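**Student:** Before I ask anything, let me first share the structure, which is written out below as structure tokens.
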Amino acid sequence: MGTCQYCVKEANTVSDAIGYCADCIRTHFEEIRPEIKQVHRHSRKAYGLPEEPPASSEGMPCGLCIQKCRIPKGGTGYCGLRKVENGRIKGGRPHEGNLSFYYDPLPTNCVGDFVCPGGTGCGYPRYAHSKGPEYGHKNLAVFYHACSFNCLYCQNYHYKEKTFSSLKITSKELADAVDDATSCICYFGGDPTPQILHALKASKLALKKADKTILRICWETNGAIREPFLTKMADLSMKSGGCIKIDLKAWDEGIHYALCGVTNQKTLENFETLSGWISERPDPPFLLASTLLVPGYVDEREVEAIAGFIAGLDPEIPYSLLAFYPHFYLHDLPTTSRRHAICCKEVAERKGLRRVHIGNVHLLCEDY
Ligand code: SF4
Ligand code: SF4
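Counting from 4, one number per residue, gives the positions in the sequence shown under the numbering used here.
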């Protein structure tokens with residue numbers, strides 16, 4: 004049971020770590036922002052990560068993502084992965100991937116599974132091996148050990164312990180992991196952004212090797228990458244029959260900042276840009292959205308606004324609502340309830356979306 008430090012409301016949907024309820028964050032964000040910023044700084048310090056994006060005037064600029072770090076000599080970027088050594092930015096280049104990978108038999112619990120070639124056979128025969136789920140085939144799941152956001156509810160936060168690992172996998176070694184039964188690669192993490200140079204190279208090598216068969220390139224990302232990398236990712240997915248799955252974590256700027264420590268502006272802008280590619284290949288779906296239903300924070304109001312935004316771009320964009328499991332700094336919140344998930348699905352459909360799905364249903368609880 005947490006207490007909002009502003010309105011003193013007590014509820015099991017108020018996180019002790021954040022310290023404020025959703026309504027007060029929405030209404031008084033600028034006033035409470037400094038305290039929320041401290042929560043994020045503290046959570047990053049615990050892992051040896053920079054508390055804020057470095058902005059040294061003499062620092063070397065990294066242009067990969069929204070954080071626009073200027074990394075001082077001997078320091079690291081906000082992601083902890085990119086660092087300046089001997090006058091150069093290192094980390095995440097094609098020969099030094101900091102990642103782990105595994106095979107996932109298809110169909111799998113991938114965010115896009117309910118609409119993609121691997122899960123449904125859509126796009127057959129050009130992009131799928133069968134008219135239904137691709138039994139007998141597998142996904143190469145690539146987990147990058149760094150991220151450009153700081154989500155307090157990160158469902159995979161253990162990667163933070165590996166961000167500074169010296170174990171490296173080259174893009175060639177990763178591409179070599181694609182075998183005859185692999186029909187898609189999914190880059191996620193953490194986030195693929197800080198290691199996009201590695202992922203792009205690995206994808207090109209893997210596609211070259213698989214030029215006579217199907218190999219879809221997919222991304223699961225916070226969507227805050229900068230150009231020209233957004234276009235390069237999109238191009239690979241478009242040509243290979245893959246997709247880009249963007250996590251639209253919250254609509255309200257304050258809620259997004261409280262949860263992730265960063266604005267959602269770049270993510271929304273990139274999502275809109277990518278929606279302009281859809282007509283080039285409507286099937287299988289090229290662009291997907293997902294939202295984790297964090298009790299007390301990502302409520303119907305957030306989902307309604309996100310769904311309205313997506314529907315305004317294209318009502319056929321698939322939208323996956325994912326059940327939350329208490330994790331990391333938000334370990335004191337309950338699991339998403341069935342009622343919360345169903346209400347959000349209905350509200351998203353009322354906004355005009357035609358393909359709304361509830362994921363991780365096994366996690367849903369009866370009520371708070
Ligand atoms: S990838 Fe993003 S967070 Fe990492 S150093 Fe570059 S700009 Fe900073
Ligand atoms: S990686 Fe892409 S094609 Fe494979 S299961 Fe996930 S969304 Fe479908």
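Positions of the beta carbon are idealized from the N, C-alpha and C atoms, including for glycine.
Being a predicted model, the structure only gives us computed values, none of them experimental.
(1) With 16 other CB atoms within 10 Å as the buried threshold, where does L102 fall?
(2) Is L84 near ligand 1, with its Cβ less than 7 Å from a heavy atom?
(3) Skipping 5 residues on each side, what residues in its chain have a beta carbon closer than 7 Å to that of S282?
(4) Is DSSP giving P108 helix, strand or coil here?
(5) Hey, could you find the ends of the beta strand (DSSP E) K248 is sitting in?
(6) Comparing alpha-carbon positions, which option in A326, D370, S293, C24 lies nearest A310?
(7) Restricting to Cα atoms, I'd like to know which of G80, Y106, F104, Y105 is closest to G94.
(8) Suppose you measure from the CA of K204 to the CA of K76; what does that come to, to the nearest Å?
(9) Could you tell me which residues DSSP pairs with A14 in its beta bridges?
(10) For P108, which option in E303, T266, G139, A131 has the closest C-alpha, if you only look at C-alpha atoms?
(11) Would you mind stating whether S323 and L291 have Cβ atoms separated by less than 8 Å?
(12) For the beta strand (DSSP E) that contains G362, what are its first and last residues?
(13) Apart from the five residues just before and just after M236, which ones in its own chain have a Cβ nearer than 6 Å to its Cβ?
(14) Under 8 Å between the Cβ atoms of F146 and F191?
(15) Indicate the three-state DSSP secondary structure (helix, strand or coil) for F146 in the structure shown.
(16) Exposed or buried, which one is V359 when buried takes at least 16 other CB atoms within 10 Å?
(17) Can T111 be considered in contact with ligand 2, in the sense that its beta carbon sits closer than 7 Å to one or more heavy atoms?
(18) For A237, write down the residues that DSSP places opposite it in a beta bridge.
(19) Can you list, in chain order, the residues of its chain with a C-beta nearer than 6 Å to that of T6? Leave out the 5 residues immediately preceding and following it.
(20) Can you tell which of P53, K212, Y332 has the C-alpha that lies nearest to the C-alpha of D179?
(21) Report yes if the CB atom of A326 is closer than 8 Å to the CB atom of T338, and no otherwise.
(22) Using DSSP's beta-bridge definition, name the partner residues of I92.
(23) Cutting at 7 Å between CB atoms, please list the residues of its own chain near H31, excluding the five before and the five after it.
(24) I think C246 touches P287, with their Cβ atoms under 8 Å apart; what is that distance to the nearest whole Å?
(25) Only counting the same chain, and skipping five residues up and downstream in sequence, which positions put a Cβ closer than 7 Å to that of A209?
(26) Measure the Cβ-Cβ separation of K269 and A227 and say whether it is below 8 Å.
(27) Span of the beta strand (DSSP E) holding C221?
(28) Can you tell me whether C125 sits near ligand 2, meaning its C-beta is under 7 Å from at least one heavy atom of the ligand?
(29) Kindly list the residues whose CB is nearer than 7 Å to the CB of F331, restricted to its own chain and excluding five residues on each side of it in sequence; keep chain order.
(30) Closest to I320 by CA distance: which of W280, Y328, P298 is it?
(31) Where do the ends of the beta strand (DSSP E) carrying A326 lie?
(32) Is the beta carbon of C142 within less than 7 Å of some heavy atom of ligand 2?
(33) Between G62 and F167, is the Cβ-Cβ spacing less than 8 Å?
(34) What is the residue span of the alpha helix (DSSP H) that S174 lies within?
(35) Where P329 and D214 are concerned, what is the direct C-alpha to C-alpha distance, given to the nearest angstrom?
(36) Determine the burial state of I74: buried for a count of at least 16 other Cβ atoms within 10 Å of its Cβ, exposed for fewer.
**Tutor:** By the coordinates alone:
(1) When all chains shown are included, L102 counts as buried.
(2) Result yes, Cβ under 7 Å from ligand 1.
(3) Taken in chain order, the list of residues that qualify is empty.
(4) In the three-state scheme derived from DSSP, where H, G and I count as helix and E and B as strand, P108 is classed as strand.
(5) Per DSSP, K248 belongs to the beta strand (DSSP E) from 247-250.
(6) Relative to the Cα of A310, the nearest Cα in the group A326, D370, S293, C24 belongs to S293.
(7) Closest option to G94, Cα to Cα, is G80.
(8) Cα to Cα, K204 sits roughly 27 Å from K76.
(9) In the DSSP assignment, the residues bridged to A14 are G5.
(10) Ranking the options by Cα distance to P108, first place goes to G139.
(11) Cβ atoms of S323 and L291: closer than 8 Å.
(12) Taken as a continuous stretch (DSSP letters only), the beta strand (DSSP E) holding G362 covers 359-362.
(13) Only W222 meet the Cβ criterion.
(14) One thing to note: F146 has its Cβ within 8 Å of the Cβ of F191.
(15) In the structure shown, F146 sits in a strand (DSSP, three-state: E or B).
(16) Buried is the call here.
(17) Ligand 2 approaches T111 closely enough that one of its heavy atoms is under 7 Å from the residue's Cβ.
(18) In the DSSP secondary-structure assignment, A237 is not bridged to any residue.
(19) If we look at T6 and ignore the five residues flanking it on each side, its Cβ neighbours are E13.
(20) Comparing Cα positions, the closest option is K212.
(21) In contact: A326 and T338 (Cβ atoms closer than 8 Å).
(22) DSSP lists V87 as the bridge partner or partners of I92.
(23) These residues qualify, in order along the chain: Y9.
(24) That pair is a contact at about 7 Å.
(25) Closer than 7 Å at Cβ, skipping near neighbours: A178, V181, I188, L218.
(26) Yes, Cβ-Cβ distance for K269 and A227 is below 8 Å.
(27) Segment 219-224, the beta strand (DSSP E) holding C221.
(28) Not so, every heavy atom of ligand 2 lies at least 7 Å from the Cβ.
(29) In chain order, L155, Y156, C157, Y160 place their CB closer than 7 Å to the CB of F331, counting only its own chain and leaving out the 5 sequence neighbours on each side.
(30) Closest option to I320, Cα to Cα, is W280.
(31) Per DSSP, A326 belongs to the beta strand (DSSP E) from 322-326.
(32) Strictly speaking, residue 142 in this sequence is Asn, with Cys absent from that position. The answer is yes for N142.
(33) Taking 8 Å as the Cβ cut-off, G62 and F167 do not qualify as a contacting pair.
(34) Run containing S174: 174-179, per the alpha helix (DSSP H) assignment.
(35) Distance from the CA atom of P329 to the CA atom of D214, rounded to whole angstroms, is 42 Å.
(36) Label assigned to I74: buried.
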